[in-house]
Every structure is written in C-alpha cells, then in structure tokens.
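First the structure, in the form of structure tokens, and then the observations on it.
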Amino acid sequence: MNVCHKLKESLNNKSVRNSGWIIGQQIFQMLLQLIVGVLTARYLGPANYGALNYTASFVTFFVSITTLGMEGVVIKKLIDHPDDEGLYLGSAMGLRFLASMLSIVSVSLLVFVLNPSEPIKLTLVFLQSFQLSFKAIGILDSWFQRHLKSKYVSIGKMLACVVVSAYKVFLLVTAKSIVWFALSSSLTECVIALVECYFYKRQRGQRLRFRLSVGSGILKESYHFIISGLMVAIYSQMDRIMIGEMMTDVDVGLYTTATAVCGLWIFVPMALISSFQPAVMELKRNGNDERYLLRLKQLYSAVIWLCVIVSGGITLLAKPIIYILYGTQYLGAVGTLRIAIWSETFAMIGSVRGVWILCEKKNKYVKYYLMMGAAVNLVLNALLIPRAGINGAAFATLVTQAVTSLLAPALFKETRAHVPIVLDAALLGWYWRKNKSASKEEDHEP
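144 is the number of the first residue of the sequence shown in the working numbering; add one for each residue after it.
Right under this line is the structure:
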C-alpha cells in the first residue's frame, strides 16, 4: 500500500506531469522527424544534405546571439518578481527581436563573403535565417516552465512538427529543389511562436510591456550566458563549418548524419533538466540547502547514467542504425557516430551545471571555461580534420565537452565545488550513504 501511495503521489506531482508532457512531445516529435528526416536525407543525398546543413550551422551559430542568453535569468526573475512577469517577458522579447534583425543581415553577409562563387548557399542561409526573428517570441517558454505548464509549449511543438513534416512530404512527393527545404526550419519556429502566443493569452498571462531599463538589467545579468552561448556555438557548429571549408559538402552530410543520430534521444535528459530546474532553484531560494544539494545530485545521477547506458548501446549498434536509417550512401558516418555519441554525456553534465551556476550565482565564471573549451575545439579541429577527417572533428568535440564540463570548472576555486558534486552523483555516493543511514536506523529499532 505504501508503494502504491508513493506512486500515486509521484503521478500527481506537478513537476512529474510537466516532465511527462515534455517527454511525450519529444517522443512524438522525434518519431515524426526521424521518418521525414531520413526520407529527406535519402532524397537529397550526402552532397545536398551537407550543403543544407552547412548553411544551417551559420544560422544556429547566430541563435546564441539572438536569444541573448536570457532564458535562465528570466525564469529567476519570474520567480522573484511574480507581479511583474509581463514587464520582464516583454522587455526581454523586445531586445531579442532587435538582435534577430541584426543577426539575419550578418549571417547572410558572412556566408556571401565565404562562398562568393556559390549563390545557392546565400539563398539557403537567407531563407533559414528567418527563424531567428521567431526565436525572440520563444522567451515565453520561460513563463510556461516557471508555472510548470510546459504542456502548452509541447502542443505547439507537436503541431509545428506535424505542419513541417507535411510540408516536407509534399516537397518529396513533388520532387522540389533544395531551396524549398531551407524554409522548413523557419516554418517550424513560426508555428511554435504563434501557438505559444495563443496559449499565453488563454492562460491569462500578464500583458507584455517593454521597458529599456528592465531589458538592460536582464541583459546585464545574462551577458555571461551570451558569451557562453557564443563559445558553445563555436564548438557545436564550427566543426561543420570547418569541414565544409576544408573538405566537401558530402563530408558535411556524413558528419551531420552522425550528430543527428546522437540527438535523436537527447530530449529525455533535457526534459528532466527543464522540468526540475524551477523546483531545484526554489529549494535554494528558500534556504533548504541540504534538500537542494540532494535533489541536484539526484538530477545529475539520472542524467549521467541515462547517457552512459544509451551511448553504450548506440556504440555497439552504430553500423546497423546508420544502414537501416540512411542506407549505404551514409555508411561513412558509422565511425564518427561511435565517437560523437559519448560527447552527449559531458554535454548533459554541462546542462545540469547551468542550474547549479544560477543557484550559486557563479554566472561570471561560465564564460571563462567555455572560452577554454572553444579554444581547445578550434585548435583540435584545425589539427585533426586535415588528418582524420570527420572522425577528427568528432574527437575534437568529445574532448571539448569533457574540458568544459569537468576540467575547466576545477581550475577556479569558486566553481571547484561543482566537480565533487558531479563525481558523487556519478558514483551514486548520495544513494549509498542514504541507504546505509536507513539501514542503521532499522538496526536500532526495538
């Protein structure tokens, strides 16, 4: 009866239900995108698929500029100032929209300068860059996370996935050119933005207001995350860009295929982190340090072990996975997949670390160790891509993620405490101590 009662309490827990909506949406989205994405990759072939993803990497790089690193800071502002939610959301949205307009112009100019003899790539990146303007509205996601109402965001993303998947199927059936496929990412963000606005209004969210001083205040607190976002963008997108510059579009296509498989399941740990972040931050805010530390370690443990188990399975089954999904023309991605999949474990450690950084107010240190990671990534890519091709790029990313998640924070006295927390979580130290303590209590019972 006690087990049933605990299970019922867990199912009624708002954080668990919120996480369930996010995971359910991601599973639906993953399955639909997997089917349509595989058909698209097979239809375009490695060369066209590589060209499309080469230009997409530039747009993704500018996402970190457009979003201004505000998400975590805005969530904290909504928790601390519930009566001014509309003011903080509106101010953040206004600054992000301005940044998106500047980014659209900048990314188009950059691709033109690097590829003056390939006008098709300028067309592709221009069409893909429209998504940046819709990213500004995405700050509403912070409000839904704060109030554990992520089901509405999930509905928007599922609807966007259905619309874009139908659009891509139409392109495949009618044998459209690569230019038409470039619009799909912008269409996705457009649908998500419209649905989020609709549900925000229906849930009686506060009227959005813009005040430059408030936006500047958010920007002042988040500039650490802007720099961090740029550093992350360097080592998450620069590999594709450098492969495209040093090698061919075919190689970019193979590398993208490997990294796409890596990202098929990563929504699960990200959903856990997104759903439990407000609860962990609330415990810290209320001064419940012991429970806060326990919950943080539990989150780390769940994420780390989940990543290790899945990465091991994908390493063993890499060849049949690539063959079944993408066919023989993409088998050159098998070795890259076996290396790249292990980067996700360290990447997710970094994502949980973001929660700890916010709670402990250590924002200013993030940029330093991410700068180290970006420098390591650029150097390793420059050295390894000419010698080992796309496998070298995958290894460079793996080393970079390890440096930024564990090694770099250990170099600073103020963030060194993060490392033993991660190690204790990875070795389940908190779990063994908890059970040992429980056993001692049972032994002393009369």
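Just so it is clear, CB atoms sit at the ideal spot from N, CA and C, and this is done for glycine as well. Just so we're clear, the structure is a prediction, and the values are computed from it rather than from any experiment.
Counting along the chain, H561 sits inside the alpha helix (DSSP H) bounded by residues H561 to A569. Residues R559 and V562 of the same chain have their beta carbon placed closer than 7 Å to that of A553, with the five preceding and five following residues left out of the count. G215 places its beta carbon less than 8 Å from that of G497. Counting only residues of its own chain and dropping the five nearest sequence neighbours on each side, E339 has a CB closer than 8 Å to the CB of I280, G281, L283, D284, F287, Y295, V296 and G299. Scanning the region 171-251 from its first residue to its last, the whole alpha helix (DSSP H) runs of 4-plus residues come out as 214-223. CA-CA distance, C502 to R289, rounds to 15 Å.
Between Y473 and L397 a beta carbon distance of about 6 Å is seen, short of the 8 Å cut, so the two are scored as contacting. Its Cα nearest to that of V202, the residue K278 stands out among Q176, K278, Y192 and R185. For the pair L337 and I409, the Cα-to-Cα distance works out to about 25 Å. With fewer than 16 other Cβ atoms from the protein chains shown falling within 10 Å of its own Cβ, L566 counts as exposed. The three-state secondary structure of R530, taken from DSSP, is helix. For R481, the uninterrupted alpha helix (DSSP H) segment begins and ends at V477 to A483. Shortest Cα-Cα distance from D392 to any of G532, A551 and K319 involves G532.
Only residues of its own chain outside the window of five on either side were considered, and among them S486, F489 and A490 have a CB closer than 6 Å to the CB of Q544, listed in chain order.
Bounds of the alpha helix (DSSP H) holding Y443 are D432 to L459. If you draw a 10 Å sphere on the C-beta of M244, you find fewer than 16 other C-beta atoms in it, and that means exposed. Leaving aside the five residues that flank S207 on each side, the residues in its chain whose CB is nearer than 6 Å to its CB run, in chain order, G372, L373 and A376. A straight line joining the alpha-carbon of L175 with that of A303 spans about 11 Å. The beta carbons of I384 and A536 sit no closer together than 8 Å. CA-CA distance, G478 to R530, rounds to 15 Å. Note that the C-beta distance between R350 and G229 is below 8 Å. Shown here, F273 sits in coil according to DSSP, grouped into three states, outside any helix or strand.
Leaving aside the five residues that flank F171 on each side, the residues in its chain whose CB is nearer than 8 Å to its CB run, in chain order, M301 and C304.
Leaving aside the five residues that flank L549 on each side, the residues in its chain whose CB is nearer than 8 Å to its CB run, in chain order, F489, I492, V562 and V565. In this structure, the beta-carbon distance from S329 to Q274 falls below 8 Å. Short of 7 Å from the beta carbon of T458, and not among the five residues preceding or following it, lie these beta carbons of its own chain, in chain order: R481 and I484. About 18 Å separates the beta carbons of S418 and A568, which is beyond the 8 Å limit, so they are not a contact pair. Classified as exposed, Y341 has fewer than 16 neighbouring CB atoms from the shown chains inside 10 Å of its CB. Bounds of the alpha helix (DSSP H) holding I492 are S486 to E503. The residue among V312, E261 and S276 with its C-alpha nearest the C-alpha of L187 is V312.
Taken atom to atom, the span from the alpha-carbon of S454 to that of I361 is near 37 Å.
Rounded to whole angstroms, the Cβ separation of S200 and Q380 is 4 Å, and the two are in contact under 8 Å.
Residues of the same chain with a CB within less than 8 Å of the CB of F538, apart from the 5 flanking positions on each side, are I482, L523, L527 and A531 in chain order. Taking all protein chains in view, the Cβ of S260 is surrounded by fewer than 16 other Cβ atoms within 10 Å, so the residue is classified as exposed.
For M413, the enclosing alpha helix (DSSP H) has its first and last residue at F410 to R428. A distance below 7 Å between beta-carbons, with the five flanking residues on each side excluded, links S327 to the following residues of its chain, in chain order: V307, Y310 and K311.
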